[in-house]
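Engineer: Dropping the structure in here first, questions after.
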Amino acid sequence: MSKLDMKIARRIAHYDPDGQLDHTARLFMAMGRINHESTLLHMQRVALASEATAKNLDWDTKAAFFAGLLHDIGKYILPAKLFDGHEIDEAEYAEIKTHAINGFKILKTLGHGFTAMCAGLHHAIYSQGYGLTTQELPRSWSPETVKKFLDISALISVCDFIDAFTHRGTKLRDGTSKTGGSQLKELLYDKYPNDHHIIDIALFHIIK
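Here the sequence shown stands for residues 71 to 278, where the numbers follow the numbering used here.
Written out as structure tokens, the structure is:
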């Protein structure tokens, strides 16, 4: 196992979550090593960055960690060639965009409602996004749970964008343009106008 794999394994064991979320996480980590190594590494980095950012914000670190670790599992049922680093075309991008709903459906079926909603919404937080909408929130959720969900989803979305920007060689396809590292904070501020407090902390915790 790599150092990153071991760190993730320790974090999963540390949280010892209810509802078999730990088993789900370990299963998808193993699956990712077969055909989706780049997606697996991305999710692991996002999980650790999200956890660290949540800790600094005094938010639920367990929720942030597992939402980050599983946010892109919907990509596992898509062809691995879509994530081999080539410049994708519009048709391929349309296919990739299904991953948010795919991830939501998979995790919801497994009984992980909160984490499922985060996976479904993490690309819909910003303008020109896609996936679930807040209209699909469970009516049984309390206002406190809704706020926590929106906070964690925004956190995952920010960490997801930062990691993609810093690790992906191809251009971004989400309404922004990749113009260089010096522009990252400016892009984030424009993309997430209500989440600058998350951005300022998350930028310190992304794994290079």
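C-beta: ideal position from N, C-alpha, C; glycine also.
What are the boundary residues of the alpha helix (DSSP H) that includes Y259?
Structural biologist: What you label residue 259 is simply residue 189 of the sequence shown in a count that begins at 1. For Y259, the enclosing alpha helix (DSSP H) stretches over residues L254 to K261.
Engineer: Can you tell me the Cβ-Cβ gap for Y200 and A224, rounded? I've got them flagged as a contact below 8 angstroms.
Structural biologist: Within the sequence shown, residue 200 is the residue found at index 130, counting from 1. Within the sequence shown, residue 224 is the residue found at index 154, counting from 1. Actually they are not in contact, since the Cβ atoms of Y200 and A224 sit about 16 angstroms apart, beyond 8 angstroms.
Engineer: Three Cβ pairs or more, each shorter than 8 angstroms: is that satisfied between the segment 209-225 and the segment 174-181?
Structural biologist: no
Engineer: Taking the straight line between their C-alpha atoms, what separation do you get for I232 and G102?
Structural biologist: By 1-based counting over the sequence shown, the position of residue 232 is 162. By 1-based counting over the sequence shown, the position of residue 102 is 32. Taking the straight line from one Cα to the other gives about 21 angstroms.
Engineer: Kindly indicate which residue of A95, N126 and R115 has the alpha-carbon position closest to the one of G173.
Structural biologist: Position 103 of the sequence shown, counted from the first residue, corresponds to residue 173. Residue A95 is the option with its Cα nearest to G173.
Engineer: With DSSP as the reference, label L207 as helix, strand or coil.
Structural biologist: On the sequence shown, position 137 is the one that residue 207 refers to. L207: coil per DSSP, three-state reduction.
Engineer: Would G251 be called buried (16 or more neighbouring beta carbons within 10 Å of its own) or exposed?
Structural biologist: The residue you call residue 251 lines up with position 181 of the sequence shown. Below a pLDDT of 50, predicted positions are generally treated as unreliable, and G251, at 47, falls in that range; no measurement from the model is reported.
Engineer: Near L202, what residues of its chain come up, given a Cβ to Cβ distance below 8 angstroms and the 5 sequence neighbours on each side ignored?
Structural biologist: Taking the first residue of the sequence shown as position 1, residue 202 is located at position 132. Cβ within range, chain order: A170, I171, F174, M187, G190, L191 and A194.
Engineer: Are at least three pairs of beta-carbons, each pair with one atom in the segment 113-122 and one in the segment 148-164, less than 8 angstroms apart?
Structural biologist: no
Engineer: How close, in whole Å, do the beta carbons of D230 and H106 come, if the pair is a contact with beta carbons under 8 angstroms?
Structural biologist: The residue given as residue 230 occupies position 160 in the sequence shown. The residue given as residue 106 occupies position 36 in the sequence shown. Rounded, the Cβ-Cβ distance is 16 angstroms, inconsistent with contact.
Engineer: Rounded to the nearest angstrom, what separates L254 and I271 at their Cα positions?
Structural biologist: Position 184 of the sequence shown, counting from 1, holds the residue named residue 254. Position 201 of the sequence shown, counting from 1, holds the residue named residue 271. If I take the Cα positions, the gap works out to 14 angstroms.
Engineer: Beta carbon of A137, beta carbon of I222: below 7 angstroms?
Structural biologist: Position 67 of the sequence shown, counted from the start, is the residue given in the question as residue 137. Position 152 of the sequence shown, counted from the start, is the residue given in the question as residue 222. It is a contact, given that the beta carbons lie within the stated cut-off.
Engineer: Can you tell me the Cα-Cα spacing of T168 and L220, whole angstroms?
Structural biologist: As a first step, residue 168 is located in the sequence shown; it is residue number 98 there, counting from the start. As a first step, residue 220 is located in the sequence shown; it is residue number 150 there, counting from the start. Near 21 angstroms, if we compare the C-alpha coordinates of L220 and T168.
Engineer: Please identify the residue among H112, D260 and T215 whose C-alpha is closest to the C-alpha of A133.
Structural biologist: Taking the sequence shown and counting its residues from 1, the one referred to as residue 133 is at position 63. Of the listed residues, the one whose Cα sits closest to A133 is T215.
Engineer: For chain C, is any of its Cβ atoms less than 7 angstroms away from the one on N172?
Structural biologist: Of the chains in the structure shown, none is chain C; there is only one protein chain.
Engineer: For S120, I'd like the list of residues in its chain whose CB is within less than 6 angstroms of its CB, leaving aside the five on either flank, ordered along the chain.
Structural biologist: Numbered from its first residue, the sequence shown carries residue 120 at position 50. Same-chain partners within the cutoff: A134, G138, L225, I226 and C229.
Engineer: Check whether the Cβ atoms of K145 and T109 sit closer than 7 angstroms, and answer yes or no.
Structural biologist: Here residue 145 is taken as the residue at index 75 of the sequence shown, counted from 1. Here residue 109 is taken as the residue at index 39 of the sequence shown, counted from 1. Yes, these two residues count as a Cβ contact at 7 angstroms.
Engineer: Curious, which full-length alpha helix (DSSP H) runs of at least 4 residues does the segment 97-173 contain?
Structural biologist: 107-127, 131-140 and 160-166
Engineer: How far does the alpha helix (DSSP H) with P213 in it extend, from its first residue to its last?
Structural biologist: Within the sequence shown, numbered from 1, the residue matching residue 213 stands at position 143. It spans P213 to H237 - the alpha helix (DSSP H) in which P213 sits, taken as one unbroken run.
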